[in-house]
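Residues in the sequence shown are numbered from 21 upward in steps of one, following the numbering used here. As structure tokens, the structure follows; a few thoughts come after it.
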Amino acid sequence: MKASAIPAVNNPPVIWTPRGLRLIKTLSFVLILVVGLVLRLDPLIDWLEHPELALYRGEPLLTTFDGYYYLTLARDLLEGSWGAVDHLRAVPDYPAKPFPPPLMPMLAAGTAWATSLSLNWVGVLLPAFLGVLLAFPMYGLGKHFGGTFMGLSSALISMVSPYYIQRSGLGWFDTDCLLVTLAVSATWLFLKFATIRARRRYGFLAAGLAVSLITVWWWDQTPQIAVLVTAAPLALALPWHYRPARRGEWAVFSAIALLWAGALLVWQGQRFPLEVVQQVLSQFHYVSKASGGAFPNIGVTISEQERLPFVAVVQATLGDPVILLLAVIGLAWLVWRHPRDSLLLLPLLGLGAMALLFAGRFLIYVAPAAGIGMGYLASRVWRMGRGRPALVFVAPALVLAAAIPGYRGMLQAPRFPHELPVVIDGMDRLRQQTPENAVVWAWWDHGYPLNYWARRATVNDGQVHGGERSVYNALPLVTSSDRLAANFMQFQVTHGLKGFRAFYDAAGGPVKGYERLLRILHLGPERGEAVLRNAGIEDTAYWLRYLFPETSRPIYLFLDWRLTQISYWWYWLGSWDSSDRNGIHPYHRTFLGVRQTGRKLESSGVAVDLDKGEARVGNAVLPIKSFHSDAGADERFDHEDGANVDYSAERKMLVISDGYFNESVFNRLFTYGRGEGRWLTVESDESPAWQIIRVNPDHYPGQ
Numbered sequence: 021m022k023a024s025a026i027p028a029v030n031n032p033p034v035i036w037t038p039r040g041l042r043l044i045k046t047l048s049f050v051l052i053l054v055v056g057l058v059l060r061l062d063p064l065i066d067w068l069e070h071p072e073l074a075l076y077r078g079e080p081l082l083t084t085f086d087g088y089y090y091l092t093l094a095r096d097l098l099e100g101s102w103g104a105v106d107h108l109r110a111v112p113d114y115p116a117k118p119f120p121p122p123l124m125p126m127l128a129a130g131t132a133w134a135t136s137l138s139l140n141w142v143g144v145l146l147p148a149f150l151g152v153l154l155a156f157p158m159y160g161l162g163k164h165f166g167g168t169f170m171g172l173s174s175a176l177i178s179m180v181s182p183y184y185i186q187r188s189g190l191g192w193f194d195t196d197c198l199l200v201t202l203a204v205s206a207t208w209l210f211l212k213f214a215t216i217r218a219r220r221r222y223g224f225l226a227a228g229l230a231v232s233l234i235t236v237w238w239w240d241q242t243p244q245i246a247v248l249v250t251a252a253p254l255a256l257a258l259p260w261h262y263r264p265a266r267r268g269e270w271a272v273f274s275a276i277a278l279l280w281a282g283a284l285l286v287w288q289g290q291r292f293p294l295e296v297v298q299q300v301l302s303q304f305h306y307v308s309k310a311s312g313g314a315f316p317n318i319g320v321t322i323s324e325q326e327r328l329p330f331v332a333v334v335q336a337t338l339g340d341p342v343i344l345l346l347a348v349i350g351l352a353w354l355v356w357r358h359p360r361d362s363l364l365l366l367p368l369l370g371l372g373a374m375a376l377l378f379a380g381r382f383l384i385y386v387a388p389a390a391g392i393g394m395g396y397l398a399s400r401v402w403r404m405g406r407g408r409p410a411l412v413f414v415a416p417a418l419v420l421a422a423a424i425p426g427y428r429g430m431l432q433a434p435r436f437p438h439e440l441p442v443v444i445d446g447m448d449r450l451r452q453q454t455p456e457n458a459v460v461w462a463w464w465d466h467g468y469p470l471n472y473w474a475r476r477a478t479v480n481d482g483q484v485h486g487g488e489r490s491v492y493n494a495l496p497l498v499t500s501s502d503r504l505a506a507n508f509m510q511f512q513v514t515h516g517l518k519g520f521r522a523f524y525d526a527a528g529g530p531v532k533g534y535e536r537l538l539r540i541l542h543l544g545p546e547r548g549e550a551v552l553r554n555a556g557i558e559d560t561a562y563w564l565r566y567l568f569p570e571t572s573r574p575i576y577l578f579l580d581w582r583l584t585q586i587s588y589w590w591y592w593l594g595s596w597d598s599s600d601r602n603g604i605h606p607y608h609r610t611f612l613g614v615r616q617t618g619r620k621l622e623s624s625g626v627a628v629d630l631d632k633g634e635a636r637v638g639n640a641v642l643p644i645k646s647f648h649s650d651a652g653a654d655e656r657f658d659h660e661d662g663a664n665v666d667y668s669a670e671r672k673m674l675v676i677s678d679g680y681f682n683e684s685v686f687n688r689l690f691t692y693g694r695g696e697g698r699w700l701t702v703e704s705d706e707s708p709a710w711q712i713i714r715v716n717p718d719h720y721p722g723q
């Protein structure tokens, strides 16, 4: 019988042509991008429905304080006002502006110039479109380890990781929205370089090193860490994979590597290799919250640097512990099946592990790790289902089930800007009411927004907020002396950190020097001279002129509602005792919309009964020690360890605090709108939203 006559009963019919399969893959990938964009742009609906929470005069607000640093740089580019020195930041130290301009503000400025969008809308929308780019290298990594199905699965899971959505979503105009994409891209490109044996591998090498340089340009504040993160996979690939078989390959590799290294040295300077080591140690000290020296590690006060409990990690990564467990199983399976190739994933996995060990901000790197693990597990199930109709839908169902918790959770979660429009109104009022050379003293997380909206200089911001600077930043809010607050602000605005250190050198070191400095600034130039003499400091006239300069830039203190919510930490910093190496965590609660009925005060979550001498806060009942109001009431109760209650009928605001917070400059100004003397003058008062206070320090000779 001829072979052609044999019926091909064992050959399955061709359902999909190669072209049809490519179309399905393309449409699937596009759908993944659409899902990612929907999750990132979804809050816009709530913003438009509640403009009082997200829009200022029709313009959207960023969802991160630090984003205004890059938005200000983008505005400088558009206005042609780029200079070598940033005169709006860290007065009077004035850091240099980065050169070349960072990639992020250049993208924003270019987009605003090329479109009809305002810079504010560009800053809000651009992160969402940059954030979904992670799907591309995730697809590449997944396809390498488990084929097309894993590539698509890994891309989808990474797109729906809640924490990564937040950090690459609407309004998050910061480096996180592209940083993970660049790190994963470098890993994928160096993996291709490591596993391909043909000469085209050097194209992947060059592309990976180009991505490393782009990351330095993007992550401008820590270029040393950018190089370390992107080059680490290459360092792992060389000893485990690179075995050039052809003559001249070492020369090609060396030429490409030297070109990359030379570009870095020319760009960053010859000390750059040493700075990499120094920056790693500095960042480790920061994220580990290790303490040393006379001042605290500021990392302990920053929410994104907190070490999160495991439950919070689960919710922020995939939204379900079972799914996270499956992702870990998938990662372990991948490492077992591909031990050499998986070595190049170690930098990404290590960064993700730091979220558990040190700080929550590393959760952005858990998204690709979870995507790879879940994608590999699904791809193995997919392979098992081939030829088994009953199992063919198990793998896709598994991927969709893994994606649903994150997807559903982010659609339900409210996501509004941290800065309220009503506070931005106060910053805009600063621009209108204060001289152009004025310096605004505000808590450091308002530094960048003030630079942008008020166009005024500040002393601290998202980059400049070390432990020492933050102690100084909070001191004027914590002290009970208006005079000390005013003179202290003038001293730092005039001399900066160098001025503090110069005085400490003359006054017996930072511990004794800080105590003496505060005493002198509190007493003023007339009585402060005696403190200088008792400390053995000669040339008192010189130091009095130094401590109380004859002239200084106009200074304005800016207080706002947010300070009532974070007093636990700024009061701790402002009350820092260098000798004991600790500060005070106050008890402080502020309530709005208070209703008064006779001698009872009530609002959501609080009830005060003056006849009983007690305050109920939530489920806790607190005895009252004292009661003060802006109507002149001043009552004392027989509770020595009780709480202090301050009530402003005008503001319908109630403050319950301990004896520490009650006497602070902040409480007196923000609750009652008045200072204790001529040193602090309230010029504009929209408390509990914001206040603008003119600072009137002493000058030598005293007047």
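All C-beta atoms, glycine included, are put in the ideal place defined by N, C-alpha and C. As the structure is a prediction and not an experimental result, all values here were calculated from the model.
Note: isoleucine 575 is bridge-paired with Val459 in the DSSP secondary-structure output. In the three-state reduction of the DSSP assignment, isoleucine 713 falls in the strand class.
The beta carbon of glycine 697 sits closer than 7 Å to the beta carbons of Asp502 and Arg503 from its chain, once the five residues preceding and following it are set aside; these are given in chain order. Judged by their CB atoms, alanine 148 and arginine 60 are nearer to each other than the 7 Å cut-off.
For serine 178 and alanine 390, the gap between their C-alpha atoms comes out near 7 Å.
Following the DSSP letters along the chain, one finds phenylalanine 647 inside the beta strand (DSSP E) bounded by residues 640–649. Burial check for glutamate 456: the Cβ neighbour count within 10 Å stays below 16, so the residue is exposed. At least 7 Å separates the beta-carbon of histidine 719 from that of glutamate 546. Excluding the 5 residues flanking it on each side, glycine 516 has same chain C-beta neighbours closer than 6 Å at Pro112 and Asp113, in chain order. When Trp208, Tyr90, Gly486 and Arg449 are compared, the shortest CA-CA separation from phenylalanine 165 is found for Trp208. Taking a cut-off of 8 Å on C-beta distances, the region 522–540 touches the region 597–614, as three or more cross pairs fall below it. For tyrosine 534, no beta strand (DSSP E) encloses it; the enclosing alpha helix (DSSP H) starts and ends at 530–554. For threonine 92, the secondary structure class from DSSP, reduced to helix, strand or coil, is helix. By the beta-carbon neighbour count (other beta carbons within 10 angstroms, threshold 16), valine 296 is buried. Histidine 608 has its alpha-carbon roughly 32 Å from the corresponding atom of proline 63.
A direct Cα-Cα distance of roughly 12 Å separates arginine 539 from asparagine 554.
Leucine 700 carries a strand assignment under DSSP once its states are collapsed to helix, strand and coil. Assigned with DSSP and collapsed to three states, isoleucine 586 falls in coil, not helix or strand. By the Cβ neighbour-count rule, methionine 170 is buried, with 16 or more other Cβ atoms within 10 Å of its own. Judged by DSSP in its simplified three-state form, serine 623 adopts strand. Nearest C-alpha to proline 253 among Gly370, Ile185, Thr135 and Ala477: Gly370.
Residue nearest to glycine 528 within the set Arg219, Leu583 and Gly556 is Gly556 (criterion: CA-CA distance).
Taking the Cα positions, valine 142 is about 18 Å away from proline 441. By the neighbour-count criterion, in which 16 or more other beta carbons inside 10 Å mark a residue as buried, serine 232 falls on the buried side.
Serine 677 is bridged by DSSP to His608 and Asn664.
When C-alpha distances from serine 646 are compared across Tyr89, Lys672 and Lys632, the shortest belongs to Lys632. A distance below 7 Å separates the beta carbons of leucine 674 and tyrosine 667.
In the three-state scheme derived from DSSP, where H, G and I count as helix and E and B as strand, asparagine 602 is classed as strand. Counting along the chain, the unbroken beta strand (DSSP E) around glutamine 616 starts and ends at 615–617. When DSSP reads this structure, leucine 344 sits in no beta bridge, so it has no partner. Note on lysine 163: 16 or more other CB atoms within 10 angstroms of its CB, so buried under the neighbour-count rule. Within the same chain, Cβ atoms closer than 6 Å to the Cβ of arginine 615 are found at Glu622, the five residues on either side in sequence being excluded.
The residues Thr84, Asp86 and Gly87, in chain order, have a CB closer than 6 Å to that of aspartate 194 in the same chain once the five nearest residues on each side in sequence are set aside. Around the beta carbon of aspartate 580, 16 or more other beta carbons sit within 10 angstroms, so the residue counts as buried. Within the same chain, Cβ atoms closer than 6 Å to the Cβ of tyrosine 184 are found at Ile384 and Ala387, the five residues on either side in sequence being excluded. As the crow flies, the alpha-carbon of aspartate 705 is around 27 Å from that of alanine 627.
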